[in-house]
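Per our numbering: the first sequence = residues 77 to 688.
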Amino acid sequence: MRARGGAAAVRPEHLAAHARLVKSADADAFLVTSVMRAYLRASLPLQALLVLRGLLTRAPRLLANSFSLSLALQACAASAAAIPLRAATATPPLGASLHARALKSGFAAADIFVRTALVEMYAKAGRAELARAAFDEAPRRDVFLCNVMLAAYVSRGEVAEARTVFDGMRDRDLVSWNTMIHGYAVSGDVGMAREIFDGTADRDAFSWSSMISAYAKGRRSKEALELWREMRVAGVAPDCITMVSVLSACSDMGALAIGAEVHQFVERNRVEVDVKLGTALVDMYAKCGDIDNSLKVFRAMPVKDVLTWSSTIIGLANHGLGHDALSLFSEMISQGLQPNEITFIGVLIACTHVGLVSDGKKYFSSMSDIHGVAPRIEHYGCMVDLLGRAGHVEEAMELIRSMPFEPDAVIWRALLGACRIHKNVEIAEEAMARLRVLDPLADGHYVLLSNIYAQANSWEGVAEMRKTIRRENIQRVPGRSSIEWENTVHEFVSGDRSHPRFGEIYKMLEEMMDRLKQAGYRPMTSLVLQDIDEEAKKQALAEHSEKLAIAFGLLTTPARSTLRITKNLRACEDCHSAIKLISLVYDRKLVVRDRNRFHHFSEGQCSCKDYW
DNA sequence: ATAGGGTTAG
């Protein structure tokens with residue numbers, strides 16, 4: 077199989093041959109092609125270009141054949157791709173002279189390989205119109221040439237153009253179909269990607285991986301996992317890339333059992349774990365609530381890159397293990413690795429979730445002072461979160477005023493969240509005023525502010541929010557919680573009665589609520605925004621999606637085993653206190669992933685120490 | 001001898 081990405085090394089005989097080319101004009105054309113090919117395979121396009129320069133000035137006759145000429149054009153294409161050129165200077169002078177040479181010698185017309193390399197060179201240089209012209213002027217087109225044109229359009233995000241070429245092709249091979257699936261996938265058109273996928277005969281791992289990643293990217297993870305199942309039924313062998321796509325869907329859904337199954341598949345079939353697959357495994361375990369296995373995979377990886385480290389740091393931070401995250405960061409630095417913007421997001425989240433305000437400030441200023449990473453608005457967002465959550469709401473406000481960015485909705489939302497924790501109605505109202513302009517349709521802030529009013533016993537405020545939601549026709553995002561059982565993700569929305577076992581689930585729920593009440597649980601009915609009576613509010617709280625998922629979990633899993641729940645929204649306060657009691661009353665560990673972080677419940681306590 | 005699929009964020 078051809079090596080991709082991870083480049084083949086340049087062998088000594090190629091280096092020796094290169095030396096001969098430099099010294100003598102008598103070298104033969106065969107040598108030229110083999111040396112350039114070696115450099116291109118080794119992802120050393122500039123070396124290939126060096127060979128080419130030497131030939132053009134000292135031994136141009138060696139280019140007078142279709143093999144050398146097409147490889148020379150490929151060298152230009154690869155170096156143009158390696159050094160992104162701005163449009164104004166994008167006509168590669170070398171490439172243009174090769175083009176002229178190809179026309180004059182007749183190879184551009186006579187040889188389809190030369191023609192293909194020409195199209196590709198212009199495509200890689202960002203000159204789509206020149207690529208298209210070279211394509212249109214081709215005296216003859218084969219599948220290969222068309223595929224290069226398809227890929228050129230797809231890489232520019234011009235999938236409609238690609239489609240026109242695709243529709244005009246007399247013959248199409250698997251690569252043509254796969255390119256179109258990918259093209260629709262990256263343009264976000266999952267439906268069209270699926271149409272092409274369905275029309276593809278004899279799909280290979282590329283086809284399946286493209287389609288699975290299309291679903292994963294579109295946050296349609298359930299369908300991604302369904303397709304992974306079908307792929308194995310179809311008997312197509314997955315590779316590294318397939319599994320990375322599948323794991324990202326598992327991460328999204330919190331599907332630990334399926335993710336672990338993929339991991340076992342990797343080990344059983346001795347699939348080579350490259351950095352990306354390793355990172356995907358680390359990320360999957362962390363996002364599915366199994367931080368121990370995440371670290372185990374991390375430690376076992378022989379080669380790690382900045383994404384691997386960042387992913388692990390973020391994982392630890394989200395599990396509330398801020399100190400571990402920070403010591404991992406130190407370890408990374410002491411190994412001489414350069415952190416990036418995302419690494420610092422992880423570092424700042426670590427500080428935020430543990431409440432390390434002064435450390436957070438120190439890390440924030442070290443970004444530009446020591447590590448040469450300019451803070452972006454996201455980092456200011458983390459700082460606002462850090463300060464606000466720790467109770468420094470005024471200081472957070474100061475930071476927003478002084479930062480070199482126009483504050484966005486994320487920033488104000490973080491401040492609003494802080495106001496909920498620290499009961500600051502005044503600043504909450506100011507944040508809300510901004511949010512109503514910047515992100516008027518998101519329901520979350522209205523709910524937050526209403527909760528803040530409820531805390532302050534400002535019932536006219538609560539009523540006002542309720543009215544606003546109705547008047548502005550704000551669509552509430554329904555809370556969804558899922559739990560895995562027998563390798564299937566079971567998802568619940570509030571008040572869900574669609575599950576086949578809903579009768580048993582509601583019976584368990586009723587028993588659960590009774591036992592909680594005996595243990596001192598009091599429903600926080602003031603959190604309910606619907607205009608209904610007290611009893612109905614209690615019922616609405618009891619039927620929150622996470623409680624349904626837990627009832628299902630209690631019903632289906634052996635005593636004392638850990639329940640893992642994944643929720644799409646921020647943890648609800650009522651559920652948070654209820655789950656603490658559940659962990660005590662039922663003697664269970666529960667790991668709940670909410671929109672922001674993980675909560676590990678055990679013996680009546682939560683790892684977040686009620687700080688989220 | 002030339003073409004197609006993948007990972008980290010509040």
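Using N, Cα and C, we set each Cβ at its ideal position, and we do this for glycine too. Since this is a predicted model, take the numbers as computed values, not measurements.
Residues bridged to residue i by DSSP?
| i | result |
| --- | --- |
| W561 | T564 |
| L666 | L639 and F677 |
| C682 | F677 |
| R556 | V569 |
Determine the closest residue to residue i out of the options, with distance taken between C-alpha atoms.
| i | options | result |
| --- | --- | --- |
| E299 | R308, M287, S653 and A310 | M287 |
| G755 | T255, I658 and R191 | Because the chain spans 77 through 688 in this model, residue 755 falls outside it and cannot be assessed. |
| E502 | S142, L525, D278 and L138 | L525 |
| K665 | D686, R640 and R117 | R640 |
| R216 | A376, Y229, F189 and S110 | F189 |
| L125 | R137, Q150, S110 and D212 | Q150 |
| A209 | G233, A184 and M408 | A184 |
| G691 | N394, C648 and L605 | As displayed, the chain neither begins before 77 nor continues past 688, which places residue 691 out of reach and without an answer. |
| A85 | D519, S110 and S119 | S119 |
| D315 | R270, L353, S297 and S146 | L353 |
| A510 | D484, K372, D519 and S637 | Before going further, note that residue 510 is Arg rather than Ala in the sequence given. Per the Cα distances, D484. |
| R177 | N549, G202, A204 and L131 | L131 |
| A734 | W688, R87 and H90 | Because the chain is modelled from 77 through 688, residue 734 falls outside the range shown and cannot be assessed. |
| G244 | I334, G264, L517 and F211 | F211 |
| R279 | C427, P378, A238 and A310 | A310 |
| E672 | R232, H652 and N644 | Per the sequence presented here, residue 672 reads as Asn, with Glu not at that position. Looking at the Cα atoms, N644 is the closest of the given residues. |
| A376 | E343, S403 and G398 | E343 |
Since I believe residue j is in contact with residue i (beta carbons under 8 Å), could you give me their beta-carbon distance rounded to a whole number of angstroms?
| i | j | result |
| --- | --- | --- |
| A490 | D461 | 4 Å |
| M225 | V195 | 6 Å |
| V235 | Y260 | 6 Å |
| C364 | A331 | 7 Å |
| L122 | S155 | 6 Å |
| A207 | A186 | About 20 Å; that fails the 8 Å criterion. |
| G396 | H429 | 5 Å |
| A153 | K200 | 4 Å |
| L617 | N527 | About 13 Å; that fails the 8 Å criterion. |
| I334 | L301 | 6 Å |
| L605 | V486 | With a Cβ gap of about 23 Å, L605 and V486 do not count as contacting. |
Cα separation between residue i and residue j?
| i | j | result |
| --- | --- | --- |
| K437 | I418 | 17 Å |
| S181 | Y115 | 26 Å |
| A507 | E482 | 14 Å |
| G477 | T544 | It should be pointed out that residue 477 corresponds to Arg in this sequence rather than to Gly. Using only the alpha carbons, I get a separation of about 28 Å. |
| T240 | F282 | 22 Å |
| R96 | L107 | 9 Å |
| L128 | T109 | 10 Å |
| A532 | T318 | 52 Å |
| I690 | R552 | As displayed, the chain neither begins before 77 nor continues past 688, which places residue 690 out of reach and without an answer. |
| R270 | R246 | 22 Å |
| T632 | E562 | 10 Å |
| H676 | A494 | 22 Å |
| V338 | H521 | 38 Å |
Whose C-beta lies closer than 6 Å to the C-beta of residue i among residues of the same chain, with five residues either side of it excluded?
| i | result |
| --- | --- |
| F568 | S557, S621, L624 and A625 |
| D359 | S327 and S387 |
| F374 | V358 and T388 |
| L174 | A148 and L149 |
| A193 | S146, L149 and Q150 |
| G537 | Y529 |
| N500 | V469 |
| Y361 | N369 and S370 |
| A93 | L107 and V111 |
Among residues of its own chain, excluding the 5 on either side of residue i, which ones have a beta-carbon nearer than 7 Å to its beta-carbon?
| i | result |
| --- | --- |
| P451 | F440, M443 and S444 |
| E679 | S659 and L660 |
| H498 | G467 and V469 |
| A163 | Residue placement at A163 is flagged as unreliable, the pLDDT there being 44, under the threshold of 50; the coordinate-derived value follows with that caveat. Closer than 7 Å at Cβ, skipping near neighbours: G202. |
| M307 | W284 and P314 |
Residues in its own chain within less than 8 Å of residue i by CB, not counting five upstream and five downstream?
| i | result |
| --- | --- |
| M77 | Only weak support is given to the placement of M77: the predicted model assigns it a pLDDT of 33, under 50, and the value that follows is read from those uncertain coordinates. The answer is none, since no qualifying residue turns up. |
| L303 | W284, M287, I288 and Y291 |
| S263 | G233 and V235 |
If you measure from the CB of residue i, is any heavy atom of the ligand FMN nearer than 7 Å?
| i | result |
| --- | --- |
| V667 | Although the ligand FMN was asked about, the structure shown includes no ligands whatsoever. |
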